[in-house]
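The structure appears below as structure tokens.
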Amino acid sequence: MIRVTNRHFSFDWITIIIFMLLVGFGWLNIVSSSHVGETLDYLDFSQPYGKQLIFIGLTIGLIIIILSIEAKFYERFASVIYIISMLSLVGLFIFGKNVNGATSWYGIGGMTFQPSEFAKAATALAIAKYVSDLQTDIRRFPDQIRTFIIILVPAFLILLQNDAGSTIVYGAFFFVLYREGLPQIYLTLAVSVVSIAILSLKFGPIVTSIIGVIIIFTRYFLSKKKPIIFQPILITIIVIAMSASVHFFYDNVLQAHQKDRISLWLKLEKDPTKIAEMRRDILYNLYESEKAISSGGFRGRGFMEGTRTTGKFVPEQHTDYIFSTVGEEWGFIGSSLVIILFVLLMLRVLHLAELQKSQFSRIYGYAVAAILFFHFMINIGMVMGLIPTIGIPLPFFSYGGSGLWGFTILLFIFIKLDSNRINEW
Amino acid sequence: MRQFLLFFTIITVGFVFISRLFYLQVYSSPANNLYDDNAIRKVYDYPKRGFVYDRNGTLLVSNQSSYDVMVIPREVKPLDTIEFCNLLKIDKAQFIKTYKKAYHYSPRLPYVFVSHLSKEDYAVLQEKMRKYEGFYIQKRSLRHYEASIGANVLGDIGEVNNANIKKDPYYKMGDLIGKQGVELSYEDVLRGKKGIKFIQKNRFNKNIGPYKEGKFDTLPIPGKDIKISIDAKLQAYGEQLMQHKHGGIIAIEPSTGEILAMISAPTYDPNSLVGRKRSQNFTKLYNDSISKPTYDRSLLAQYPPGSPFKVLNALIGLQEGVVTTEDKFTCNHGYSYGNRKMGCHGHPSPLSMNMGIYESCNSYFANVYRRIIEKYDTPYEGMNVWNKHVSSFGLGNYLGYDLKIGSPGRIPSGDFYDKWYGKNRWRTTFTLSNAIGQGEIEATPIQLANMVAAIANRGYFYTPHIIKSIEGQEIDANFTTPKHTTIDKENFEPVVQGMFDVYNKGTAANLQVKGIEICGKTGTAENFTKIDGVKTQLTDHSIFVAFAPKDNPKIAIAVFVENGYWGSRFAGRIATLMIEKYLTGTITRTDLEKMDFKS
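Protein chains in written order, with the working numbering: chain S, 1215 to 1639; chain L, 11 to 609.
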């Protein structure tokens, strides 16, 4: 009996409170950045802030449902949920609606619905289910391949819908698999590929190859148990081939706007007039968003007082660029607080994940933290001009029902799993 | 180990983000100033510029409306170009050229298409304006000069330049500012204070409403009207007398220091520097290197003053006690010293002070000057005493009047000659030209007029000024405080009597006016110039200073006519006419007047 009464109160309230703070504060910033005109009616449901209020209201119902369902359900039906989610992504190719160049929405009546926001939670469940299976050993190559397929199917479907930003988020699963024992070689490989790509673009293939050779052979001669000399030579050839082909990939595979973003980020373009032109065209958002954040200063201009926010200088400010509103109106204090809240939320989830007794819950919790982290890093990094422009929402903050519900489902399934850990002996 | 990878990555990224925030928001954040915020449009509401009246309340400068046709290229719809050009009185080529310029400037910002329409053109155009989309009429305020006089006094206004903006952030691009004359001197009073409206704009540069419901907006404060000390009738008359001549006139009211007339010839119509033709006309005036109409000769021209300066030496001689009014000196067609001689014209000899002044005898003043300097052990010491006396009349330095241009003039001192000849390597006779106002001495007409005012007051003067009163405000206290000379009051009487006798029986006897006791002094300044490296003597400058009446003087005047031969020929005649005009309002010596109107 004690167990039963406890069940309702054993949710992790720290996580829930941080969630509520983020959603509430996010909504205030949506009000500020989407409000137009003299008078302000919070219940004007034709405006984004009014709509978001409905989404938030519906979220409460969603949370109650998620928390009422038996925790075992999520584990048992993980594959079903995953398959339904993948079908909803496939269905987009037939029924999808094109918004801003990406075919990622279903239009139902006046509402739109973005299945990719839910696919993240579904994939997390599927990975947790598959990797925690007693038959699966992530150290074995065939199991690694099957795991990668689970991740790559949604990632590939989303990429085909021309939503490259959301695809990148699936990289978050790397952290999950690494935690669960994915061989070290993958981390080395991932870091090497990214480094080779960046170095080759910035300094050219020759410099990159030289650096590569130095590192490879230093490692070889320093290691006690020397493999045959053939191995480092083979790796060297691969590195040289890769760095030589980076430019080919950059020139022929990437789209023009992606190239421009990378080019500006790595300062590849040297012609000042060309740079100015690119800044004006593709970095306009970034320029305005940095300016808005700067103009907030230490204390910020106050709620609804930001002149750049009021003047709608930052495009997409209530969606992807919502953090610039925080920056302008709440200043360094408010923005730092948001970052701290996010960091606390992610660390809390990570901490809870480590406490899980079931491997399924732990893997899922890890996936939640990693997905939130990717969104957090890419979105805020982009708004502050630290990484190239990649349009994905800030969890709990950005305007949009699908996004809010997607993240709520993602987080609250974990809260439910966590509350159930006492029962799992 | 593996479980900490994400953990540390999260903390690192959080730390990097907060550092970046600190950099953006604290380290490099701009000061939050509404004026610098480009999300806020600042719309200025310009106040009425203050009017300028003369001392008698005659309106000199007022405002007029002017109409500019503005264009916003992006909003222009196809139109009947020929009709439109006819209305604007431009041809089609010009229309296309201006339109292209406007488009190049910005397709969505207003551009001045045709500026300063006349009232008549405006009336016709206004009716038909709505047919031409993208064009509209903007009203502006311009200055209007009621009478075409006193261009050098009144000055003009024009758009601010970068230096103005840098100096005073009140001014923004396109604002108008006083450029010369009274408009410049009393800019702060005349301009008032513009009002400002802060308007929130959006990223398409459109207004979306007042910023914070207009909490920070201000209303314009109109400029104050001012009364200047100029007598419009006297000024106009002076300009008429000076036409076809080069030179300057300054008339001062000795009892107040107020400038009654300030004439520089040749002059120009102040209305020519208003509106559409301003820059074109200004360039024309500015480039006229012979007449130099923009060069104010009454304030800037610095010449050897010649004989009028002699009266100062008489005063200093009396003050230093080296000469009495009865001391007589002989003149043998000049004054010989060493193997040189300073020439003089024919007149009876020997002469006392009175006769020395009215005959303007060079020899007499050479004697007085030598006695002054040689009273002291070294000429250096004597020179400095002499310099102190002369300087107390406002000579040798900027006078401090309320117009922004001037020249310091030059009064030599002991140091001056030490520098010139070497320490103690000069004697009094080296500087003898100072006795008769030639040589190293230089003064501007306004300095001479002020010197005469000090003599007329018998020992003090008020710093000359152009301002008479400002609406609801006191004028600078400096202008109402008397400045005393180093000469005692009783020493002035014999000198004043001498100047009176200049008109009675001296060099200006032919200029007497019945019923007015004028005291004056003629002057002829030799005019040397270097032509191809050779010192050449050109036609002398004609100089005359005077004040009237002898007792309780109302006007002190200095007239200077370039290349006017001798003192009484041009300058004396003009000074006399000016005095009569000012004191009586009419002219009895029409015979004199005719000569000037003709020449």
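For glycine and all other residues, C-beta sits at the position ideal for the given N, C-alpha and C.
If you're wondering where the values come from, they're calculated on a predicted model, not measured in any experiment.
Endpoints, beta strand (DSSP E) assigned at residue i
i: D298/L; result: Where D298/L is concerned, there is no enclosing beta strand (DSSP E), given that its DSSP letter is neither H nor E.
i: L70/L; result: 69-81
i: F403/L; result: Neither: F403/L is in no beta strand (DSSP E) and is coded neither H nor E.
i: Y155/L; result: 145-155
i: S38/L; result: From DSSP, S38/L is part of no beta strand (DSSP E); its letter is neither H nor E.
i: W1319/S; result: 1316-1322
Which residues DSSP lists as bridging residue i, in chain order
i: I269/L; result: I262/L
i: V203/L; result: Checking the sequence shown, residue 203/L turns out to be Lys, not Val. BP columns for K203/L point to I231/L.
i: D55/L; result: G205/L
i: P220/L; result: I209/L
i: I480/L; result: I236/L, Q483/L
i: T108/L; result: Per DSSP, none; premise fails for T108/L.
i: H494/L; result: Y470/L
i: M1325/S; result: I1322/S
i: Y345/L; result: M352/L
Spatial distance of residue i from residue j (CA atoms)
i: F375/L; j: N171/L; result: 51 Å
i: T616/L; j: A464/L; result: Limits of chain L in this structure are 11 at one end and 609 at the other, which puts residue 616/L out of reach.
i: E268/L; j: E450/L; result: 29 Å
i: E1483/S; j: S1477/S; result: 6 Å
i: P117/L; j: R84/L; result: 5 Å
i: Y513/L; j: Q522/L; result: 6 Å
i: Y1613/S; j: K1473/S; result: 28 Å
i: V122/L; j: D185/L; result: 15 Å
i: Y247/L; j: Q253/L; result: 10 Å
i: G406/L; j: P315/L; result: 12 Å
i: V1421/S; j: V1405/S; result: 18 Å
i: F292/L; j: G348/L; result: 54 Å
i: I255/L; j: P276/L; result: The question names Ile, but residue 255/L in the sequence shown is Lys. Distance between the alpha carbons of K255/L and P276/L is about 7 Å.
i: K177/L; j: G482/L; result: 27 Å
i: K1438/S; j: I1429/S; result: 16 Å
i: L16/L; j: T1361/S; result: 20 Å
i: R1217/S; j: A1583/S; result: Any reading at R1217/S must be qualified, since the residue scores a pLDDT of 46, below 50, and its modelled position is unreliable; the value itself is stated next. The straight-line gap from Cα to Cα measures roughly 28 Å.
Three-way DSSP call (helix, strand, coil) for residue i in this model
i: N501/L; result: helix
i: N215/L; result: coil
i: N364/L; result: helix
i: M139/L; result: helix
i: T340/L; result: coil
i: S1612/S; result: coil
i: G1514/S; result: coil
i: K1286/S; result: helix
i: D550/L; result: strand
i: C529/L; result: strand
i: V333/L; result: coil
i: I1352/S; result: coil
i: M1560/S; result: helix
i: F32/L; result: helix
i: F123/L; result: strand
i: K189/L; result: coil
i: E452/L; result: strand
i: I1443/S; result: coil
Under 7 Å between C-beta atoms of residue i and residue j
i: G1379/S; j: I1604/S; result: yes
i: M80/L; j: Y142/L; result: no
i: Y1392/S; j: I1365/S; result: no
i: I480/L; j: V71/L; result: no
i: E1394/S; j: I1352/S; result: yes
i: G582/L; j: I367/L; result: no
i: F1537/S; j: L1608/S; result: yes
i: I382/L; j: W396/L; result: yes
i: I1399/S; j: A1336/S; result: no
i: T1402/S; j: V1427/S; result: no
i: I206/L; j: P220/L; result: no
i: R1475/S; j: K1571/S; result: no
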